[in-house]
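Below is one structure, written out as structure tokens, with a few remarks after it.
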């Protein structure tokens, strides 16, 4: 990267069920918080990128870039970036490109999702837009169904028991208790996970991240310095449909993005002390840790059964924080920055994917 | 701009009613054509940007970046950019930022829309997502309704007769006859325009661009040279809702984008010989020409009543070519490049807006 990109300001709403707030209200609360936190004013924002997946489906609202820009006094140029659940990461990547190109010096990135206003069946159908509507949806698959297949195959290949898998969600829920922005702040014992209602065998309700409303915003700048900077911003893409892949127990996009991110940051994997990863389903956390090289295939569960050398989803992850789709990738970066500020370690990482990891975005943060 | 961005390859489908093609099929045809036209191979594509507005509404399909990347052998990193009908322009702008940042050397930009598979009432509701769902839609407005209000006010302020307005669509239809990619290739006499069924007083059916399927792709590159380059890429944003504006007969976003584009290209307005502008409705063409400074307020109609110093929508514009929403901004750039290649003039301009010009993107092209 030519000039450092600073994480100049951060702000988010609590994730959860916000019956009294519209998509615009959610954006506004997180934007106000991020600008108040930043070392600049609203008028310093050169460009706005909004990450959103379900605006059309849940709120009859496209054109969210202009809606966010309308909330600022000078309504700067704006656009919306989308890659399903990886919308947050692709918006951050777009912002980095704009900053590195010199087209902008200070960019506001807003991730937002309003999911609880419509029937869960409609949200489930909308979320299936993240898969291939010609290849995956006609099989009757839903996203829990896709990750149920993946979990089944993983447990078969690596002889992972249902009981051991329980430790993933249990850890995330334990971590979430301390996070004031988390949707669920309740410790849940490991044995309760697999006793919750079955959603898509072998996955139970407590293996799945919830449906949530929420927004998270960051101000990225090459002009206004801050203690934390972006050390790497990388995207990678795989086939959209899982039917086109050689394996479903490993995600090529995560591997590609991780390898490129380590190279861009010019660091070793072991230097990363804090990770926020995309645990849309418990099984996804294990596969992602393996694809990022923090464990060998089949062995990531050990990182949940004992103390891990780095923190994993200290925020509570998608499971406990909630998963307002496009807000997640922005919120992960906010959490990693908080962890780094309270840490002597140099690097933290946010891992965000969309669909069955058809898109993966990895951002590495460091002290400036 | 640091290094020239070349328009290395272009390709499009015919715009129209493609009952036998899915959104994926449309993308594939235009991508194949653009890559065949380019001085590179598919494997040279570093990144894919897909412009799309209505994928979720009309095809239950989000995540179109990964879908487009799946069509390439190496599925490079990809994302979708959206700003309603200006999605094409914001995707081009994003591609320029990626190229100027050095994050990519060759970017494929695909604009696609599949609109004819669902009921026109559902498409009309989807298109209203380009306006403010909290402020504009509850008034019962549709987009023809919004532009009907605008046309009424414009005709009152500037004493423009319904008969004179007819010349806009008539000229666009006349131009479209020669365009093999246009949806409608039939000359329509001026007097027939206002005799077509009324849609939103004073606008008639032949004042409105149609509902269309189609895709258009370009390959932009800093590595593979070509005779045409991007001389300026600028976006501007206005309030999303027309209820928040001081006037509805002039669009601030067009003025802002134009002023910035002329400055970036470092040229005078008079050097522009070819324009493709966003005539979603006939009245929009007049307002846009005035906001870009090619006519004083109320006088743009004169550019349609006699020969204009520059060509205007030689392709047929949105009226005759069709308006597959997000494909339009890409197709405009393709048409301007063709016009420049057959011209001794130095500059051509593509003007693309979204909603009631809440977002405006202007691209100036020149000989390399």
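Residue numbers (the working numbering), protein chains in the order written: chain U, 2 to 369; chain L, 2 to 369. Where is the CB? At the ideal position from N, CA and C, for every residue including glycine. Being a predicted model, the structure only gives us computed values, none of them experimental.
Point to revise | Three-state secondary structure (DSSP) of residue 368/L | key: strand
Practice item. Take residue 145/U as the anchor and find which of 360/U, 367/U, 356/U has the nearest alpha-carbon. Key: 356/U
Point to revise | Beta-carbon proximity of residue 234/L to residue 35/L, cut-off 8 Å | key: no
**Study point:** Rounded C-alpha distance that separates residue 245/U from residue 364/U
**Key:** 27 Å
Review point. If you run the structure through DSSP and keep just helix, strand and coil, what is residue 370/L?
Key: Past the edges of chain L, shown from 2 to 369, lies residue 370/L, and the structure says nothing about it.
Point to revise | 4 or more residues per run - each alpha helix (DSSP H) lying fully within the region 283 to 352 of chain L | key: List check, alpha helix (DSSP H) in window: 283 to 292, 302 to 306, 318 to 322, 326 to 342.
Point to revise | Nearest-angstrom beta carbon gap, residue 10/L and residue 38/L [assumed within contact, 8 Å] | key: 4 Å
Exercise for review: Give the C-beta separation of residue 173/U and residue 191/U to the nearest angstrom, bearing in mind that I take them to be a contact with Cβ-Cβ under 8 Å.
Suggested key: Actually they do not touch by this definition, with Cβ atoms about 11 Å apart.
**Study point:** residue 21/L, buried or exposed, once every other Cβ within 10 Å from all chains shown has been counted against 16
**Key:** exposed
Check your understanding: Which value, in whole angstroms, describes the spacing of the CA atoms of residue 313/U and residue 275/U?
Key -> 6 Å
Practice item. Spatial neighbours of residue 72/U within its chain, please: CB distance less than 8 Å, with the 5 preceding and 5 following residues excluded, ordered by chain position. Key: 25, 28, 29, 32
Exercise for review: Look at the alpha carbon of residue 2/U and the alpha carbon of residue 317/U, and state the distance between them as a whole number of angstroms.
Suggested key: Because the pLDDT of residue 2/U is 45, which lies under 50, any placement of that residue in the model is unreliable, and the number read from its coordinates should be weighed accordingly. Residue 2/U and residue 317/U: Cα-Cα distance of roughly 31 Å.
Exercise for review: Using the Cα positions of residue 200/U and residue 136/L, report the straight-line distance between them to the nearest angstrom.
Suggested key: 39 Å
**Study point:** Secondary structure of residue 175/L, DSSP reduced to three states
**Key:** helix
Exercise for review: Determine whether the Cβ of residue 214/L lies closer than 8 Å to any Cβ atom of chain U.
Suggested key: no
Exercise for review: Indicate the three-state DSSP secondary structure (helix, strand or coil) for residue 234/L in the structure shown.
Suggested key: Note: residue 234/L maps to strand in three-state DSSP.
Practice item. Verify the contact flag: residue 142/L, CB atom, against every heavy atom of the ligand FAD, threshold strictly below 7 Å. Key: Annotation note on the ligand FAD: not contained in the displayed structure, which lists no ligands.
**Study point:** Continuous beta strand (DSSP E) assignments of at least 3 residues falling wholly in the region 11 to 99 of chain L
**Key:** Under the rule that a run must span 3 or more residues, the beta strand (DSSP E) segments found entirely inside the region 11 to 99 of chain L read 48 to 52, 79 to 83.
Check your understanding: Just the Cα atoms here: how many angstroms apart are residue 116/U and residue 56/U?
Key -> So the two alpha carbons sit approximately 9 Å from each other.
**Study point:** Boundaries (first-last residue) of the alpha helix (DSSP H) holding residue 135/U
**Key:** Premise fails: residue 135/U is in no alpha helix (DSSP H) and is neither H nor E.
Point to revise | Simplified DSSP state of residue 161/U, which is helix, strand or coil | key: coil
Review point. Cβ of residue 237/U within 8 Å of Cβ of residue 258/U?
Key: yes
Check your understanding: Between the C-alpha atoms of residue 322/U and residue 114/L, what's the straight-line distance to the nearest angstrom?
Key -> So the alpha carbons of these two residues sit roughly 35 Å apart.
Review point. Taking C-beta to C-beta, are residue 79/U and residue 90/U nearer than 8 Å?
Key: No, these two residues do not count as a Cβ contact at 8 Å.
**Study point:** Min CB distance residue 112/L to chain U below 8 Å
**Key:** Chain U, which has no Cβ nearer than 8 Å to the Cβ of residue 112/L, makes this no.
Point to revise | Beta-bridge partners of residue 222/U, as assigned by DSSP | key: 7/U, 107/U.
**Study point:** Any C-beta of chain L under 8 Å from that of residue 58/U
**Key:** yes
Practice item. Measuring only between beta-carbons, confirm whether residue 81/L sits less than 8 Å from chain U. Key: yes
Review point. Are there 16 or more other CB atoms within 10 angstroms of the CB of residue 247/L, so buried, or fewer, so exposed?
Key: exposed
Review point. From this set, 344/U, 86/U, 93/U, 158/U, which residue's C-alpha is nearest residue 6/U's C-alpha?
Key: 93/U
Check your understanding: In the region 247 to 275 of chain L, which residue ranges form an unbroken alpha helix (DSSP H) of at least 4 residues, counting only runs that do not cross its ends?
Key -> 253 to 266
Review point. Under the three-state reduction of DSSP, which class applies to residue 201/L: helix, strand or coil?
Key: Note: residue 201/L maps to strand in three-state DSSP.
Point to revise | Beta-bridge partners of residue 113/U, as assigned by DSSP | key: Its beta-bridge partners are 216/U.
**Study point:** DSSP-derived helix/strand/coil call for residue 189/L
**Key:** coil
Check your understanding: If the cut is a Cβ gap below 8 Å, which residues of chain U does residue 25/L touch?
Key -> 135
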